[in-house]
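Under my numbering, read the sequence shown as residues 37 to 491, first letter to last.
Where is the CB? At the ideal position from N, CA and C, for every residue including glycine.
Please read all numbers here as calculations on a predicted model, not as lab measurements.
Scroll down for the structure; my scribbles are underneath it.
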Amino acid sequence: MKNHSSRPNLTLVGASVRAAAQSAARAGLSVVGFDLFGDSDCRSVCDQFELISPPIETAAAGATTAAGATALRLHAALRLHDVPSGAASSVLQVGGLSSEVCSDPAVDSLIARSTADMRLRDPDFLADLVAAAGIKFPLTLRAGKASTRFVRQRITSTGERWLWKDASGSGGIHVRWVSDRPDPNCASPDCPGSDCPGSDCPPSGIVDADQASDADSHIYQRWIAGKRFGASYLSDGNETIMLGVCRSLHTRKPPFPFVYGGSYGPVSLTAQQTETLCKLGDTLVTNTGLKGLFGIDVIVDAWQRLWLLEINPRWTASSELIERSLIRRNVIGPCQSLIGSTCRIQFPHLENEIDSPSLAEVRTRLLQNVEVTPRFLKKVVFARKSGNLDRQELARAEMDGIQCYDVPQHAAFISKGHPLCSLIAAAPSQGKAACPASREMRWRESIRIAQASVR
């Protein structure tokens with residue numbers, strides 16, 4: 037255990053807290069981390085770390101689901117490390133954990149979760165929000181017997197494509213295509229069809245919001261063709277700044293059609309799109325009082341129209357690219373970070389202990405630093421076979437400025453198709469098409485070496 041008595045404490049909770057922990061450490065915070073993976077670089081940056089994923093073959097005593105088992109382990113870890121609750125608490129959820137885990141009564145009181153969280157999963161609230169901001173929202177229905185019949189009818193009669201989503205999930209593993217007929221192996225009357233998620237399939241009888249349960253996060257949404265982007269914001273509950281926008285990269289991992297595969301950016305959108313996204317952030321904060329870092333995912337269709345997909349009231353997968361760009365532009369100083377700025381906003385008792393810029397300082401520095409925005413590329417590498425990781429071999433994947441992150445511990449078992457690591461490097465500002473062929477070859481070689489490190 038490292039000595040962190042002289043630094044303010046921050047506890048981070050999430051599926052993977054590595055990037056947020058590195059941001060917090062940059063700001064001089066002493067980090068206590070709890071996540072599901074326990075990657076080696078995450079453990080090394082945290083002053084204290086606890087793995088909260090339950091054993092695959094067993095569930096914690098008293099838990100009936102994997103999420104329930106995780107909640108029990110998280111609660112025990114928070115208590116074991118004497119994480120305070122109430123006004124003295126400084127615990128941030130940084131994404132990736134299901135709402136079933138974080139809304140567990142044993143956990144909820146210890147985590148600084150936004151009161152807007154539940155509203156941001158409500159399709160009716162989101163539809164009203166985007167109407168006020170002037171962008172579009174795909175037709176979205178709560179999963180239930182009536183909506184299942186409606187969606188299948190639309191697929192058959194119009195050829196529309198629909199998605200089934202668990203709005204409390206993340207990373208794309210909560211999204212499936214909906215078929216025009218139920219899966220014959222699924223007993224649920226609300227089965228979305230050929231890509232049925234099995235035990236996660238929407239339970240019967242969830243028709244409207246009055247029938248509240250965890251399955252209330254299950255929705256149907258009409259698929260919108262286009263490119264996906266993630267906008268990052270910082271807010272103090274009154275004012276909002278859009279920090280940048282990144283292009284989201286995805287890959288197909290059956291039965292999941294849109295698994296997160298990385299990000300590229302920050303990128304430039306049209307002036308009108310940028311203005312609309314700024315207005316959407318302002319409208320969101322006006323209606324919810326949301327504080328700290330948050331992200332908004334949108335689709336840009338062939339007609340350059342913006343469609344809202346989801347809102348994440350926390351650090352997101354592209355936040356570290358936005359932060360790297362702000363550091364290069366001197367918006368964020370040597371011992372400052374976005375997590376540091378978030379802590380100043382969300383935890384008043386830490387405001388005078390952290391040197392990271394306030395919202396007003398970030399705004400001023402952005403106006404003063406209008407140079408070309410440095411861009412970065414982040415790619416998630418997936419294992420091509422099951423086996424044990426050779427850390428020394430994986431280290432060879434670092435070349436030409438490409439660095440490895442989210443690195444499992446040596447000899448850790450990695451399952452085929454599961455994330456192996458993340459590769460991050462600076463990218464030419466002109467975009468991928470302008471990258472020299474030699475650099476593209478190095479990226480391919482880096483990915484090949486990383487995948488070959490599983491033996």
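Around the C-beta of Lys263, are 16 or more other C-beta atoms found within 10 angstroms, so that it is buried, or is it exposed?
-> By one-based count along the sequence shown, residue 263 stands at place 227. Lys263 should be labelled exposed.
So which of Gly280, Lys289 and Glu311 has the shortest CA-CA distance to Val303?
-> Along the sequence shown, one-based indexing puts residue 303 at 267. Ranked by Cα distance from Val303, the first of Gly280, Lys289 and Glu311 is Gly280.
Tell me, please, whether the segment 153-173 touches the segment 337-355 by the rule of three or more beta-carbon pairs shorter than 8 Å.
-> By the Cβ rule, the segment 153-173 counts as touching the segment 337-355, because three or more pairs are nearer than 8 Å.
Alpha carbon to alpha carbon, how far is Lys201 from Ser42?
-> Locating residue 201 in the sequence shown gives position 165, where the first residue counts as 1. Locating residue 42 in the sequence shown gives position 6, where the first residue counts as 1. C-alpha of Lys201 to C-alpha of Ser42: approximately 44 Å in a straight line.
Express the C-alpha separation of Leu430 and Trp479 in angstroms, rounding to a whole number.
-> For the purposes of this step, residue 479 is identified with residue 443 of the sequence shown, where counting begins at 1. For the purposes of this step, residue 430 is identified with residue 394 of the sequence shown, where counting begins at 1. In this model, Trp479 and Leu430 are separated by some 14 Å (Cα to Cα).
Leaving aside the five residues before and after Arg364 along the sequence, list all residues of the same chain whose C-beta is less than 6 Å from its C-beta, in chain order.
-> Translated into positions along the sequence shown, residue 364 becomes position 328. These residues qualify, in order along the chain: Pro410.
Thinking C-alpha only, which one of Gln308, Gly69 and Trp351 is nearest Val336?
-> What you label residue 336 is simply residue 300 of the sequence shown in a count that begins at 1. Measuring C-alpha to C-alpha distances from Val336 to each of Gln308, Gly69 and Trp351 identifies Gln308 as the nearest.
Among all the DSSP beta bridges, which residues are the ones paired with Glu476?
-> Here residue 476 refers to the residue found at position 440 of the sequence shown. Glu476 is not bridged to any residue.
Closest residue to Ser392 among Ser215, Gly369, Val408 and Glu359 (Cα-Cα distance) | Residue mapping note: residue 392 aligns to position 356 of the sequence shown, counting from 1. Ranking the options by Cα distance to Ser392, first place goes to Gly369.
Which ranges does the beta strand (DSSP E) cover as unbroken runs of at least 3 residues, wholly within the segment 353-428, from first to last along the chain?
-> DSSP runs (the beta strand (DSSP E)) wholly in the segment 353-428: 411-418.
Specify whether the segment 162-172 and the segment 317-336 touch according to this definition: at least 3 beta carbon pairs, one from each stretch, less than 8 Å apart.
-> Cβ pair count under 8 Å is three or more, so yes.
Under 8 Å Cβ to Cβ from Asn424, same chain only, skipping five residues before and after it: list those, please.
-> As a working mapping, residue 424 is identified with position 388 in the sequence shown. Only Ala447, Ala448, Phe449, Ile450, Val490 and Arg491 meet the Cβ criterion.
Counterpart residues of Arg288 in DSSP-defined beta bridges = Along the sequence shown, one-based indexing puts residue 288 at 252. Partner(s): none; Arg288 has no beta bridge.
Classification of Arg185 by the beta-carbon crowding that lies within 10 angstroms, buried from 16 upward | In the sequence shown, the residue the question calls residue 185 occupies position 149. Around the beta-carbon of Arg185, fewer than 16 other beta-carbon atoms lie within 10 Å, marking it exposed.
Nonlocal neighbours in the same chain, by C-beta distance under 7 Å from Glu407, ignoring five residues either side | As a working mapping, residue 407 is identified with position 371 in the sequence shown. Correct list, in chain order: Arg365.
For Val67, which of helix, strand or coil comes out of DSSP?
-> Start at 1 with the first residue of the sequence shown, and residue 67 comes out as number 31. The answer is strand: DSSP assigns Val67 an E or B state.
Nearest-angstrom Cα distance between Asn388 and Val211?
-> In the sequence shown, the residue the question calls residue 388 occupies position 352. In the sequence shown, the residue the question calls residue 211 occupies position 175. Across the structure, Asn388 and Val211 are spaced so that their CA atoms are roughly 42 Å apart.
Kindly identify the DSSP beta-bridge partner or partners of Ala461.
-> Counting from one through the sequence shown, the residue named residue 461 turns up at place 425. Paired residue(s): Leu413.
What residue does the alpha helix (DSSP H) around Asp158 start on, and which one ends it?
-> Mapped onto the sequence shown, residue 158 falls at position 122. Unbroken run through Asp158: none, as it is neither H nor E.
For Cys82, the three-state DSSP class (helix, strand or coil) = As a first step, residue 82 must be located in the sequence shown, where it is residue number 46. Cys82 sits in coil when the DSSP states are folded into three classes, being neither helix nor strand.
Cβ-Cβ separation, Gly297 to Lys452 (assumed contact under 8 Å), whole Å | In the sequence shown, residue 452 corresponds to position 416, counting from 1. In the sequence shown, residue 297 corresponds to position 261, counting from 1. That belief does not hold up - the Cβ atoms of Lys452 and Gly297 are roughly 16 Å apart, past 8 Å.
Assuming His286 contacts Ala179 under a Cβ cut-off of 8 Å, what Cβ separation, rounded to an integer in Å, is found between them?
-> For the purposes of this step, residue 286 is taken as residue 250 along the sequence shown, with counting starting at 1. For the purposes of this step, residue 179 is taken as residue 143 along the sequence shown, with counting starting at 1. Incorrect: roughly 22 Å between the Cβ atoms, too far for contact.
Extent of the continuous beta strand (DSSP E) to which Asp337 belongs | As a working note, residue 337 is residue 301 in the sequence shown. DSSP places Asp337 outside any beta strand (DSSP E), giving it a letter other than H or E.
With a threshold of 16 other CB atoms inside 10 Å of the CB of Ser52, please say whether the residue is buried or exposed.
-> Here residue 52 refers to the residue found at position 16 when the sequence shown is read from its first residue. Per the 10 Å Cβ criterion, buried.
Can you tell me whether DSSP reads Phe49 as helix, strand or coil?
-> The residue given as residue 49 occupies position 13 in the sequence shown. A small fix is needed here, since residue 49 is Val in this sequence, not Phe. The DSSP-derived three-state label of Val49 is strand.
Environment of Cys78 [buried if 16+ CB atoms lie within 10 Å] = On the sequence shown, residue 78 is found 42 positions in, with the first residue counted as 1. Label assigned to Cys78: buried.
Limits of the unbroken beta strand (DSSP E) element including Asp272 = Here residue 272 is taken as the residue at index 236 of the sequence shown, counted from 1. Asp272 -> beta strand (DSSP E) spans Lys263 to Asp272.
Using the Cα positions of Ser215 and Phe418, report the straight-line distance between them to the nearest angstrom.
-> As a working note, residue 215 is residue 179 in the sequence shown. As a working note, residue 418 is residue 382 in the sequence shown. So the two alpha carbons sit approximately 27 Å from each other.
Can you name the residues that DSSP bridges to Arg212?
-> Position 176 of the sequence shown holds residue 212. Partner(s): Trp200.
Whole angstroms is fine: what's the gap from Ser66's alpha carbon to Ser394's?
-> As a working mapping, residue 66 is identified with position 30 in the sequence shown. As a working mapping, residue 394 is identified with position 358 in the sequence shown. Taking the straight line from one Cα to the other gives about 20 Å.
When the distance is taken between beta carbons, is Ala63 closer than 8 Å to Gln372?
-> In the sequence shown, counting from the first residue as 1, residue 372 sits at position 336. In the sequence shown, counting from the first residue as 1, residue 63 sits at position 27. Going by C-beta atoms, Gln372 is nearer than 8 Å to Ala63.
Tell me, please, which residues DSSP counts as bridged to Met278.
-> Numbered from 1 along the sequence shown, position 242 holds the residue referred to as residue 278. Partner(s): Tyr269.
When burial is assigned at 16 or more other CB atoms within 10 Å of the CB, is Thr47 buried or exposed?
-> For the purposes of this step, residue 47 is taken as the residue at position 11 of the sequence shown. Counting Cβ neighbours within 10 Å, Thr47 comes out buried, since at least 16 surround it.
Pick out whichever of Trp351, Gly195 and Thr276 has its Cα sitting closest to the Cα of Ser206.
-> Position 170 of the sequence shown, counted from the first residue, corresponds to residue 206. Cα-wise, what sits closest to Ser206 is Trp351.
Alpha-carbon spacing of Val49 relative to Asp71, whole angstroms | Numbered from 1 along the sequence shown, position 13 holds the residue referred to as residue 49. Numbered from 1 along the sequence shown, position 35 holds the residue referred to as residue 71. Spanning the two alpha carbons is a distance of roughly 6 Å.
Nearest-angstrom Cα separation, counted from Gly376 out to Gly69 = Reading the sequence shown from its first residue, position 33 is the one you call residue 69. Reading the sequence shown from its first residue, position 340 is the one you call residue 376. Computed Cα separation, rounded: 16 Å.
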